[in-house]
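For reference, the structure is listed below as structure tokens.
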Amino acid sequence: MSRLPSIQFRWPSFLTGTVTSSWDDGTVHDRRMVQLFREYGFKGSFYLCSDRFCDREDGDSRCISSEEVRTLYKGFEVGSHTVTHPRLWTLPPEVIFSEMVHDRQALEAIAGEIVTGFVFPFGRGESGDAMLPLAKRAGFLYARRSSPAKVQEPPADFFNWDTSCHCGSELAEQWEFFKTRREPDRLFNIWGHSYEFEETWGWQHIEDFLRDAARQDGLWFATHRQVYDYITAWRGVLWSLDLGRAHNPSATPVFFTFNGREIRLLPGESMDF
744 MSRLPSIQFR WPSFLTGTVT SSWDDGTVHD RRMVQLFREY GFKGSFYLCS
794 DRFCDREDGD SRCISSEEVR TLYKGFEVGS HTVTHPRLWT LPPEVIFSEM
844 VHDRQALEAI AGEIVTGFVF PFGRGESGDA MLPLAKRAGF LYARRSSPAK
894 VQEPPADFFN WDTSCHCGSE LAEQWEFFKT RREPDRLFNI WGHSYEFEET
944 WGWQHIEDFL RDAARQDGLW FATHRQVYDY ITAWRGVLWS LDLGRAHNPS
994 ATPVFFTFNG REIRLLPGES MDF
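Okay, here's the thing in structure tokens:
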């Protein structure tokens, strides 16, 4: 039997790591958060509840208006956090599905984009696995969890997407650890709420992180959707049995090394090795 080739995953453009983030609830503090992100070239996915906008009949005065969504989050990602932010595990499946699908539908009309990501309000609870088929049926492609798993690589299952850390007290420690890693698939994924920097951690806390992240060489700052699209494209590459030929059926270029040689496989391209 011939020796198997060495095939190694790489991030887009052979960058050495990826940083992504997600922020829940859509409070007015997202305005300052987005301003900082634009200043430092950072990316984020913002998970919103369509009935909590301040211009809704029973909305939350702490939240942005629905009219702000398209301009405020332009260049970022809008995701679903249910219509009303309930504790889903206390509800029957029919209501859970309604919370998911109606929020997605409303946000797509408000944001003018396809909504593909979901975050469980208050976490998933012990019955979380039972809700995953509902999220899939609602048309979502990935669902982030809030568990402190300290995961720093892409998920095997995007409907069980764990984070690297919360944006609070553990951020600095986990970020320093991430910077020491050399694995080619390293992924730093933080989550939280922008209001926490107003009420608890202070805005300097997140700005110090953003400034240091911007100084690092070789990092890709991406939304959840961008990470999902790239990893899915990589996992979808077709290989011949002898691994001597690859075909990329996706619309996304993929990057990897083959026996140490850097390879960029374009959309629809086949390549022999």
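Heads up: the sequence shown begins at 744 in my numbering, then just goes up one per residue.
From the three backbone atoms N, C-alpha and C, an ideal C-beta is built for every residue, glycine too.
{"Asked": "For T995, the three-state DSSP class (helix, strand or coil)", "Found": "coil"}
{"Asked": "Contacts around F1016, its chain only, beta-carbon distance under 6 Å, and the 5 residues preceding and following it disregarded", "Found": "G987 and F1001"}
{"Asked": "Sufficient close CB pairs (3 or more, under 8 Å) joining the region 840-859 to the region 869-888", "Found": "yes"}
{"Asked": "Beta-carbon proximity check, Q751 vs F999, cutoff 8 Å", "Found": "yes"}
{"Asked": "Residues near F785 in its chain [Cβ-Cβ closer than 6 Å; skip 5 each side]", "Found": "L953 and F964"}
{"Asked": "Residue range of the beta strand (DSSP E) that includes D767", "Found": "G760 to D767"}
{"Asked": "Supposed close pair R968, S756 - CB separation, criterion 8 Å", "Found": "No, R968 and S756 are not in contact; Cβ-Cβ is about 18 Å, not under 8 Å."}
{"Asked": "Residues of its chain near K922, where Cβ-Cβ distance is below 8 Å and the 5 sequence neighbours each way are ignored", "Found": "Q959"}
{"Asked": "Bounding residues of the alpha helix (DSSP H) (the contiguous stretch that carries Q895)", "Found": "Neither: Q895 is in no alpha helix (DSSP H) and is coded neither H nor E."}
{"Asked": "Cβ neighbours of R813 in the same chain (closer than 8 Å, five flanking residues each side left out)", "Found": "I853, A854 and G855"}
{"Asked": "Pair within 8 Å by beta-carbon distance, C910 and E939", "Found": "yes"}
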